[in-house]
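Listed in order, the protein sequences are those of chains A, B, C and D. Mapped onto our numbering, the consecutive letters of the first sequence carry residue numbers 1 to 207. Mapped onto our numbering, the consecutive letters of the second sequence carry residue numbers 208 to 414. Mapped onto our numbering, the consecutive letters of the third sequence carry residue numbers 415 to 621. Mapped onto our numbering, the consecutive letters of the fourth sequence carry residue numbers 622 to 828. Read through the structure below, which is laid out as structure tokens, and then see the notes.
There are 4 protein chains.
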Amino acid sequence: MEETKEKRIELAAFIRWINEKGWSPGTSTNYSFLHPEQEDKIVISRSGIDKTYFSEDDFMEIDREGKPAKGSEGIKPSAETLIHCELYNLFPSTRYILHTHSMPGTLLSGKKEWEEAITFSGYEVLKGLPGISTHESEVELPIFANDQDMDRFRLLIRDNQNRLQTGGFLMAKHGLYAWGNSLQEAKRHLEIYEFLLTCELNLLQIR
Amino acid sequence: MEETKEKRIELAAFIRWINEKGWSPGTSTNYSFLHPEQEDKIVISRSGIDKTYFSEDDFMEIDREGKPAKGSEGIKPSAETLIHCELYNLFPSTRYILHTHSMPGTLLSGKKEWEEAITFSGYEVLKGLPGISTHESEVELPIFANDQDMDRFRLLIRDNQNRLQTGGFLMAKHGLYAWGNSLQEAKRHLEIYEFLLTCELNLLQIR
Amino acid sequence: MEETKEKRIELAAFIRWINEKGWSPGTSTNYSFLHPEQEDKIVISRSGIDKTYFSEDDFMEIDREGKPAKGSEGIKPSAETLIHCELYNLFPSTRYILHTHSMPGTLLSGKKEWEEAITFSGYEVLKGLPGISTHESEVELPIFANDQDMDRFRLLIRDNQNRLQTGGFLMAKHGLYAWGNSLQEAKRHLEIYEFLLTCELNLLQIR
Amino acid sequence: MEETKEKRIELAAFIRWINEKGWSPGTSTNYSFLHPEQEDKIVISRSGIDKTYFSEDDFMEIDREGKPAKGSEGIKPSAETLIHCELYNLFPSTRYILHTHSMPGTLLSGKKEWEEAITFSGYEVLKGLPGISTHESEVELPIFANDQDMDRFRLLIRDNQNRLQTGGFLMAKHGLYAWGNSLQEAKRHLEIYEFLLTCELNLLQIR
Numbered sequence: 001m002e003e004t005k006e007k008r009i010e011l012a013a014f015i016r017w018i019n020e021k022g023w024s025p026g027t028s029t030n031y032s033f034l035h036p037e038q039e040d041k042i043v044i045s046r047s048g049i050d051k052t053y054f055s056e057d058d059f060m061e062i063d064r065e066g067k068p069a070k071g072s073e074g075i076k077p078s079a080e081t082l083i084h085c086e087l088y089n090l091f092p093s094t095r096y097i098l099h100t101h102s103m104p105g106t107l108l109s110g111k112k113e114w115e116e117a118i119t120f121s122g123y124e125v126l127k128g129l130p131g132i133s134t135h136e137s138e139v140e141l142p143i144f145a146n147d148q149d150m151d152r153f154r155l156l157i158r159d160n161q162n163r164l165q166t167g168g169f170l171m172a173k174h175g176l177y178a179w180g181n182s183l184q185e186a187k188r189h190l191e192i193y194e195f196l197l198t199c200e201l202n203l204l205q206i207r
Numbered sequence: 208m209e210e211t212k213e214k215r216i217e218l219a220a221f222i223r224w225i226n227e228k229g230w231s232p233g234t235s236t237n238y239s240f241l242h243p244e245q246e247d248k249i250v251i252s253r254s255g256i257d258k259t260y261f262s263e264d265d266f267m268e269i270d271r272e273g274k275p276a277k278g279s280e281g282i283k284p285s286a287e288t289l290i291h292c293e294l295y296n297l298f299p300s301t302r303y304i305l306h307t308h309s310m311p312g313t314l315l316s317g318k319k320e321w322e323e324a325i326t327f328s329g330y331e332v333l334k335g336l337p338g339i340s341t342h343e344s345e346v347e348l349p350i351f352a353n354d355q356d357m358d359r360f361r362l363l364i365r366d367n368q369n370r371l372q373t374g375g376f377l378m379a380k381h382g383l384y385a386w387g388n389s390l391q392e393a394k395r396h397l398e399i400y401e402f403l404l405t406c407e408l409n410l411l412q413i414r
Numbered sequence: 415m416e417e418t419k420e421k422r423i424e425l426a427a428f429i430r431w432i433n434e435k436g437w438s439p440g441t442s443t444n445y446s447f448l449h450p451e452q453e454d455k456i457v458i459s460r461s462g463i464d465k466t467y468f469s470e471d472d473f474m475e476i477d478r479e480g481k482p483a484k485g486s487e488g489i490k491p492s493a494e495t496l497i498h499c500e501l502y503n504l505f506p507s508t509r510y511i512l513h514t515h516s517m518p519g520t521l522l523s524g525k526k527e528w529e530e531a532i533t534f535s536g537y538e539v540l541k542g543l544p545g546i547s548t549h550e551s552e553v554e555l556p557i558f559a560n561d562q563d564m565d566r567f568r569l570l571i572r573d574n575q576n577r578l579q580t581g582g583f584l585m586a587k588h589g590l591y592a593w594g595n596s597l598q599e600a601k602r603h604l605e606i607y608e609f610l611l612t613c614e615l616n617l618l619q620i621r
Numbered sequence: 622m623e624e625t626k627e628k629r630i631e632l633a634a635f636i637r638w639i640n641e642k643g644w645s646p647g648t649s650t651n652y653s654f655l656h657p658e659q660e661d662k663i664v665i666s667r668s669g670i671d672k673t674y675f676s677e678d679d680f681m682e683i684d685r686e687g688k689p690a691k692g693s694e695g696i697k698p699s700a701e702t703l704i705h706c707e708l709y710n711l712f713p714s715t716r717y718i719l720h721t722h723s724m725p726g727t728l729l730s731g732k733k734e735w736e737e738a739i740t741f742s743g744y745e746v747l748k749g750l751p752g753i754s755t756h757e758s759e760v761e762l763p764i765f766a767n768d769q770d771m772d773r774f775r776l777l778i779r780d781n782q783n784r785l786q787t788g789g790f791l792m793a794k795h796g797l798y799a800w801g802n803s804l805q806e807a808k809r810h811l812e813i814y815e816f817l818l819t820c821e822l823n824l825l826q827i828r
């Protein structure tokens, strides 16, 4: 673990910042990065940690199939570890994966009328998402039904790979996954989606 | 009091954190823990303290019937002390009780149409509550009418013991009680309920 | 000024805390306390100061009619100084007066249908207001039309003295005045009214 | 650059404060000031910087037509640099220009029914805007359609100069520009408009 200490410190600080925003209630949410030197390893947040106090020691190492790696044996990884594994496999340039559990993401993903996606249209901030160069764009943030069976959910993501080109998706009544080729990029995608979800929620609340 | 100093410091910091979130307006809310060595004693916040500046010295010790214990004679405990006493009696594994007074809790508990409970359904975050292992659950957060007569209110809680298995209830236009076997667990229950109340309020505000 | 330094430091810290909450946009809002030794003097915030950076040096001394006192000649007091003078005269036990400019207070005071008052009913937190001992109470927070003529507005307050027994009033589309016999009490009244205004606004936003 | 170091430190701190409020999601927003000694130079934020960590080194110097000045060759200025250039030309006393990307500004500017302006009426806080001395005023905050062609957008601003006398405008689904003769004044205009946008959004959300 020692060789990733700096990255773990940086990501832990980011996780506490996320928590301050109210985006990780209870012990929800999880976070990972690809080991910078050993790409067969993923460094991921442990299960059940309160993100208010999350530290660089609250990570563990797993292999690309979600099994605890040497030095992390016996530690329980997040229940959603396989989602991380699958995203790293589907998008090989991905280096960081972030999962938040904000109120707007939880609420909007649970509305029946949007069973498949929320569409954002005409927003300047869309230009911060992969492949978008003008506000005259439409971006679909896919919504997948929540599932406790992670093997099944992993296949669902794989089957929907073509819908995951803009760096994020929602699990219904569960929250947002966002990723990128660096912490900076993953953070940018995350912030943009959280911002847009807040916009859309407030728009729906206008009489 | 000296032997509980570390726990008082920890809880006082948590109380100021609650206050920063706006969940303890005026001098509202109260907090307690069971004395770790003398289980006939409860350490509870004093009455009338502004939680912005709450410190480890703003606690007192009471017995299991709410009377000031030796060393705390003449200090006024919170008006709602008997609620704490009753919860420790009903749920013997409880170690911490937390009471917040947030806007969503205050407002939603006062809606006439929900005179008995608010039901949360299908949320991933429900898995952080006692006995819940899947999002495919329904959890009822009981609402009790507010009452200035604490002897009467205490009996009401006792009569409703079977509805209090998921670690929380609301007093109408008054706020949330949440508890757990540790500060970490009580905090988790509290955050989950506050998060869900905010979700439900925003859902009701969608046109 | 020197003899009030400690009180100015304490109030300035409180003012920056108010600002952090977003309750003093632009250079709005003003604050005062009665000189603790010379009751013919009021210590009040100067005009036009950004509250983000408000310090103990941003006060001045005025007499009970709002004229700059010795040592503060040539400094411009807040435009609303006469409101403070009148409240100290009407309620002789008052020691602190606080004026915020929050979004809920600004917005709700401007609704035509509440030209005279907002009524708060059944809230536990009402018990923190003067003379209220049960949640089974109704408290009216008076709303007065905004006015640039402070001599006229002062008379309006005087004429409505009997409606000002619970420590606060609103100026329409302008904000809240709250006061008390100590900073602690004035802060309590302020927080309670701001909390209740947020509740009522959210209640109106439920479909 | 060295001679503007103090001003860059001051503005960078302000930019991080803006970010904390959630008004600069992703790498959105930009900020500038006129070089205090060489009025043919503008100091402006670089393109693509996350404002969470914005520092005094994240500025660059450009000429009045938006070209990188000596010492800043090869650095990419913000895409919206020409908006800054045009505003400094149209309003020669302007010293600071601030651009935020808040949720209320983004959302309200995108409502079809307000294609040209949002009108604020009767608010006390209007008195903090240029030329307004009473709350009995109406101020129009112009809304311009978003545009990726900055040469064209610049002309649009020029043609609407007479509508820009109160220190701000909105770009649809993009955010607010505000300016002033000092950082203090520009900040005041910015805060007032953001406050009023939040008021109007909440007003529209009342049932």
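For glycine and all other residues, C-beta sits at the position ideal for the given N, C-alpha and C. Since the structure is predicted, the reported quantities are computational estimates derived from the model, not experimental observations.
* Terminal residues of the continuous alpha helix (DSSP H) containing residue 347(B)? -> Taken as a continuous stretch (DSSP letters only), residue 347(B) belongs to no alpha helix (DSSP H), being part of the beta strand (DSSP E) at 345-351.
Since residue 606(C) meets chain B, which of its residues come closer than 8 Å, beta carbon to beta carbon? Within chain B, the residues near residue 606(C) are 232 and 233.
task: State yes or no: is the C-beta of residue 262(B) nearer than 7 Å to some heavy atom of the ligand SAH?
output: Absent from the structure shown: the ligand SAH. Ligands present: none.
*Since residue 740(D) is in the alpha helix (DSSP H), which residue starts that stretch and which ends it?*
Premise fails: residue 740(D) lies in the beta strand (DSSP E), 738-742, not in any alpha helix (DSSP H).
For residue 746(D), the residue or residues it bridges with in DSSP:
According to DSSP, residue pairing for residue 746(D) in a beta bridge does not occur.
Assigned exposure category for residue 260(B) - 16 Cβ within 10 Å defines buried
The residue is exposed, with fewer than 16 neighbouring Cβ atoms inside 10 Å.
| message | I need the straight-line Cα distance from residue 644(C) to residue 784(D), nearest angstrom please. | response | Because chain C spans 415 through 621 in this model, residue 644(C) falls outside it and cannot be assessed.
Alpha helix (DSSP H) runs contained entirely in the stretch 684-714 of chain D, provided each spans 4 or more residues: DSSP runs (the alpha helix (DSSP H)) wholly in the stretch 684-714 of chain D: 702-711.
| query | What separation, rounded to the nearest whole angstrom, lies between the Cα atoms of residue 334(B) and residue 345(B)? | reply | Cα to Cα, residue 334(B) sits roughly 11 Å from residue 345(B).
Item to complete: Please state whether DSSP places residue 100(A) in a helix, a strand or coil.
Response: DSSP places residue 100(A) in strand when its eight states are reduced to three.
Per DSSP, which residues does residue 253(B) bridge with? Please list them.
The beta-bridge partner set that DSSP reports for residue 253(B) consists of 284(B).
**Straight-line gap, residue 528(C) to residue 606(C) (C-alpha atoms, nearest Å)** = Distance between the alpha carbons of residue 528(C) and residue 606(C): 19 Å.
### Message
Distance cutoff 8 Å, beta carbons only. Does residue 629(D) sit that close to anything in chain A?
### Response
No, no contact with chain A.
*Pick from 447(C), 443(C) and 565(C): whose alpha carbon is nearest that of residue 423(C)?*
Closest option to residue 423(C), Cα to Cα, is 447(C).
Check: Based on Cα-Cα distance, which residue from 109(A), 182(A), 196(A) and 59(A) lies nearest to residue 795(D)?
Finding: Distances from the CA of residue 795(D) to each of 109(A), 182(A), 196(A) and 59(A) were compared; the closest alpha carbon is that of 196(A).
Measure the C-alpha to C-alpha separation of residue 271(B) and residue 296(B) and round it to an integer number of angstroms. When rounded, the distance between both Cα atoms is 8 Å.
- Task: Compare the C-alpha of residue 721(D) against each of 706(D), 677(D) and 799(D) and name the closest.
- Result: The option with the nearest alpha carbon to residue 721(D) is 799(D).
Note to self: Going by DSSP, what residue range makes up the alpha helix (DSSP H) through residue 17(A)?
What the structure shows: Counting along the chain, the alpha helix (DSSP H) containing residue 17(A) begins and ends at 5-20.
(request) Kindly indicate which three-state DSSP category residue 654(D) falls into: helix, strand or coil? (result) Correct three-state label for residue 654(D): strand.
| query | Count the other CB atoms within 10 Å of the CB of residue 776(D); is the residue buried (16 or more) or exposed (fewer)? | reply | With fewer than 16 other Cβ atoms within 10 Å, it is exposed.
Span separating the alpha-carbon of residue 438(C) from that of residue 744(D) = Rounded to whole angstroms, residue 438(C) to residue 744(D) spans 14 Å at the Cα level.
Worksheet entry | Cβ separation of residue 93(A) and residue 44(A), assumed to be a contact under 8 Å, to the nearest whole Å | Going by Cβ atoms, the distance from residue 93(A) to residue 44(A) rounds to 18 Å, so no, they are not a contact pair.
Quick check: residue 401(B) and residue 309(B), are their CB atoms within less than 8 Å of each other?
Taking 8 Å as the cut-off, the beta carbon of residue 401(B) is found closer than this to the beta carbon of residue 309(B).
Check whether the Cβ of residue 622(D) lies closer than 8 Å to any Cβ atom in chain A. Not one beta carbon of chain A lies nearer than 8 Å to the beta carbon of residue 622(D).
Where do the ends of the alpha helix (DSSP H) carrying residue 600(C) lie?
-> Residue 600(C) -> alpha helix (DSSP H) spans 597-618.
- Task: Look at the alpha carbon of residue 21(A) and the alpha carbon of residue 662(D), and state the distance between them as a whole number of angstroms.
- Result: In a straight line, the C-alpha of residue 21(A) is about 38 Å away from that of residue 662(D).
Residues of the stretch 572-590 of chain C with Cβ closer than 7 Å to any Cβ of chain B, in chain order: Across the stretch 572-590 of chain C, no CB contact with chain B closer than 7 Å is found for any residue.
How many Å lie between residue 780(D) and residue 679(D) at the Cα?
It is roughly 32 Å from the alpha-carbon of residue 780(D) to the alpha-carbon of residue 679(D).
So if DSSP puts residue 1(A) in a beta bridge, which residue, or which two residues, is it bridged to? By DSSP's assignment, residue 1(A) forms no beta bridge with any residue.
Three-state secondary structure assigned by DSSP to residue 179(A): Strand, per DSSP.
Mapping DSSP to helix, strand and coil, what is residue 360(B)? The answer is helix: DSSP assigns residue 360(B) an H, G or I state.
- Item | Coil, strand or helix - residue 380(B) by DSSP | If DSSP states are grouped into helix, strand and coil, residue 380(B) belongs with coil.
Shortest alpha-carbon distance to residue 243(B) belongs to which of 288(B), 268(B), 255(B) and 341(B)? Ranking 288(B), 268(B), 255(B) and 341(B) by CA distance to the CA of residue 243(B) puts 268(B) first.
If I measure Cβ to Cβ from residue 97(A) and keep anything under 6 Å in the same chain, skipping five residues before and after, which residues do I get? 32, 84, 87 and 179.
* **Simplified DSSP state of residue 258(B), which is helix, strand or coil** => In this structure, residue 258(B) counts as helix in the three-state DSSP scheme.
| message | Suppose you measure from the CA of residue 452(C) to the CA of residue 257(B); what does that come to, to the nearest Å? | response | In a straight line, the C-alpha of residue 452(C) is about 28 Å away from that of residue 257(B).
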